[in-house]
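One structure is given here, and the rest of the page talks about it.
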Amino acid sequence: MNPALYRQRRLQLASRMRAEGGGIAVLATAPEHTRNGDTLFPFRHDSYFHYLTGFDEPESWLLLHADGRSVLFCRPKNPGRETWEGVNLGPQAAPAVLGVDEAQAIDQLADSLRQCVPQQPPLWLLSAAPSRHDVRLLDALKAGAAEANVQRDLTPLLNDMRLFKDAQELSTMRHAAAISARAHVRAMRFCAQRFADAPAAGVHEYEIEAEVLHEFRRLGAQSPAYPCVVAAGANACTLHHAAGTAALHAGELCLIDAGCELDGYASDITRTFPANGRFSSAQRELYDIVVAAQQAALAATRPGARQRDAHHAAVRVLAQGMLDTGLLPRPQHDGVDAVIASGAYKQFFMHATSHWLGRDVHDVGEYDALDEAQVEQPDGLGGMERKHPTRRLQPGMVMTLEPGLYVRPSPSVPERYWNIGIR
Ligand code: GLY
Ligand code: MN
Numbered sequence: 154m155n156p157a158l159y160r161q162r163r164l165q166l167a168s169r170m171r172a173e174g175g176g177i178a179v180l181a182t183a184p185e186h187t188r189n190g191d192t193l194f195p196f197r198h199d200s201y202f203h204y205l206t207g208f209d210e211p212e213s214w215l216l217l218h219a220d221g222r223s224v225l226f227c228r229p230k231n232p233g234r235e236t237w238e239g240v241n242l243g244p245q246a247a248p249a250v251l252g253v254d255e256a257q258a259i260d261q262l263a264d265s266l267r268q269c270v271p272q273q274p275p276l277w278l279l280s281a282a283p284s285r286h287d288v289r290l291l292d293a294l295k296a297g298a299a300e301a302n303v304q305r306d307l308t309p310l311l312n313d314m315r316l317f318k319d320a321q322e323l324s325t326m327r328h329a330a331a332i333s334a335r336a337h338v339r340a341m342r343f344c345a346q347r348f349a350d351a352p353a354a355g356v357h358e359y360e361i362e363a364e365v366l367h368e369f370r371r372l373g374a375q376s377p378a379y380p381c382v383v384a385a386g387a388n389a390c391t392l393h394h395a396a397g398t399a400a401l402h403a404g405e406l407c408l409i410d411a412g413c414e415l416d417g418y419a420s421d422i423t424r425t426f427p428a429n430g431r432f433s434s435a436q437r438e439l440y441d442i443v444v445a446a447q448q449a450a451l452a453a454t455r456p457g458a459r460q461r462d463a464h465h466a467a468v469r470v471l472a473q474g475m476l477d478t479g480l481l482p483r484p485q486h487d488g489v490d491a492v493i494a495s496g497a498y499k500q501f502f503m504h505a506t507s508h509w510l511g512r513d514v515h516d517v518g519e520y521d522a523l524d525e526a527q528v529e530q531p532d533g534l535g536g537m538e539r540k541h542p543t544r545r546l547q548p549g550m551v552m553t554l555e556p557g558l559y560v561r562p563s564p565s566v567p568e569r570y571w572n573i574g575i576r
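In our numbering, the protein residues as written are 154 to 576.
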């Protein structure tokens with residue numbers, strides 16, 4: 154925990170608020186969720202809130218004034234609860250530990266908001282996380298401040314900050330990715346060993362998932378960043394197939410899409426491998442096409458390129474592969490450009506190649522047009538047109554590259570490719 158880093162982020166956000174009229178920002182962390190009965194799901198902070206505070210306790214709010222002053226509201230010390238749940242920080246210790254200017258007990262929140270918000274319009278809230286606010290409290294707040302206040306959305310300001318990862322964030326993300334890579338290797342070795350020992354017996358998806366989760370936790374990650382996909386054979390044609398009771402058999406492929414979360418940052422890796430270490434020729438053909446698509450996407454990903462260039466590059470390779478293998482038969486499908494223009498490739502590749510990665514697995518940030526004023530650009534016909542500027546990739550942005558091919562049985566598709574799913 155480096156309080157200076159979080160303070161720096163709060164000051165940067167405050168400066169952006171000042172540039173747009175000042176005011177006061179109010180953010181809550183995530184709510185706790187009941188699992189069943191009196192048992193809660195493990196608590197996971199709100200990504201925006203944690204980005205600005207580094208604080209991981211439930212029932213926490215942040216008030217950020219446009220002059221940069223920050224007030225944290227948190228659970229008071231409670232020896233009774235601490236007996237069960239462990240020590241909580243409490244408002245007295247919070248300023249020194251978190252670098253906030255002031256901290257108060259959470260039960261002071263409503264009074265504080267009623268006092269300070271109407272005096273400092275506009276009121277900045279996160280439209281991205283409306284359910285995370287106490288609705289009654291905010292309604293009261295807005296009613297009380299109806300005349301004086303203008304409500305503004307913090308989401309674009311924070312998304313734009315979170316899109317660019319600093320050195321510490323990149324280091325954490327590299328570490329998370331390294332742990333996930335080790336977990337994938339562990340799962341592959343586990344399968345190799347099992348098929349070496351008992352070639353005819355299957356290996357359950359849940360057993361493979363257990364290897365992945367074991368390695369995540371063993372190496373210090375707190376949890377998976379999203380539910381593990383472990384798909385045996387035909388199950389890989391379901392994009393987010395949750396590891397279940399199906400068995401992986403020799404001759405089938407295993408698709409694992411699993412990434413750990415480390416210190417609030419996600420990783421996201423997908424790999425597909427033959428259960429017993431040997432591809433069939435049909436599996437190998439499709440696998441090589443997907444690898445070529447990944448390499449094309451990687452080559453298209455560099456500073457100055459557009460985020461969607463990776464997808465376009467991958468689609469072109471995949472579409473060519475679909476024609477070469479007869480997944481899309483000629484003459485109905487007349488060349489790569491026609492396959493791309495008609496969208497016929499989506500029968501076998503129906504998702505995006507890439508998404509931002511960060512605190513959330515599908516991380517925040519604009520992909521294409523910036524929310525800025527339009528600019529004059531050549532229209533390609535000798536004139537000029539007004540358009541939103543296109544976002545270009547810059548150092549510090551993090552994105553996945555995960556092309557795939559998924560072939561469900563169909564009379565129009567060569568049978569040798571049926572039920573192969575690769576990402
Ligand atoms: N790799 C999982 C996902 O992007 O949804
Ligand atoms: Mn992904």
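Just so it is clear, CB atoms sit at the ideal spot from N, CA and C, and this is done for glycine as well.
query, result
"Where does Ala396 sit, in a helix, a strand or coil, going by DSSP?", "coil"
"How many whole angstroms separate the CB atoms of Phe226 and Leu262, which I take to be in contact at a CB cut-off of 8 Å?", "5 Å"
"Check whether the Cβ of Glu555 lies closer than 7 Å to any heavy atom of the ligand MN, and answer yes or no.", "yes"
"Is there at least one non-hydrogen atom of the ligand MN closer than 7 Å to the beta-carbon of Val514?", "yes"
"List, from N- to C-terminal side, the alpha helix (DSSP H) runs of 4 residues or more that fit wholly inside the segment 398-468.", "434-452"
"Decide yes or no for the touch test of the segment 379-389 against the segment 323-331: beta carbon pairs closer than 8 Å, at least 3 of them.", "no"
"Using the beta carbon as the reference atom, which residues fall closer than 5 Å to any heavy atom of the ligand GLY, ordered along the chain?", "Asp410, Asp421"
"Compute every distance between the C-beta of Leu217 and the non-hydrogen atoms of the ligand SAH, then say whether any falls below 7 Å.", "In the structure shown, the ligand SAH is absent; the only ligands present are the ligand GLY and the ligand MN."
"Work out the CA separation of Ala157 and Gly310 for me, nearest whole Å.", "Checking the sequence shown, residue 310 turns out to be Leu, not Gly. So the alpha carbons of these two residues sit roughly 20 Å apart."
"Could you tell me the distance, in whole angstroms, from the CA atom of Ala301 to the CA atom of Asn155?", "Bear in mind that the predicted position of Ala301 carries a pLDDT of just 49, short of 50, making it unreliable; the figure below should be weighed with that in mind. Rounded to whole angstroms, Ala301 to Asn155 spans 37 Å at the Cα level."
"Taking buried to mean at least 16 other C-beta atoms within 10 Å of its own C-beta, is Met552 buried or exposed?", "buried"
"So, for Asp524: in the same chain, excluding its five sequence neighbours on each side, which residues have a beta-carbon less than 6 Å away from its beta-carbon?", "Any reading at Asp524 needs caution, since the residue's pLDDT is 48, under 50, leaving its predicted position unreliable; the model's value is listed next. Within the same chain, Asp524 has close Cβ partners Pro309."
"If you measure from the CB of His218, is any heavy atom of the ligand MN nearer than 7 Å?", "no"
"Could you tell me if His203 is buried or exposed, where buried requires 16 or more neighbouring beta carbons within 10 angstroms of its beta carbon?", "buried"
"Quick check: is any heavy atom of the ligand MN less than 7 Å from the C-beta of His464?", "no"
"Suppose contacts are defined by Cβ-Cβ distances below 8 Å. Is Val365 in contact with Ala340 by that definition?", "yes"
"Could you pull the start and end residues of the beta strand (DSSP E) that Tyr520 belongs to?", "No beta strand (DSSP E) contains Tyr520, which DSSP labels as neither H nor E."
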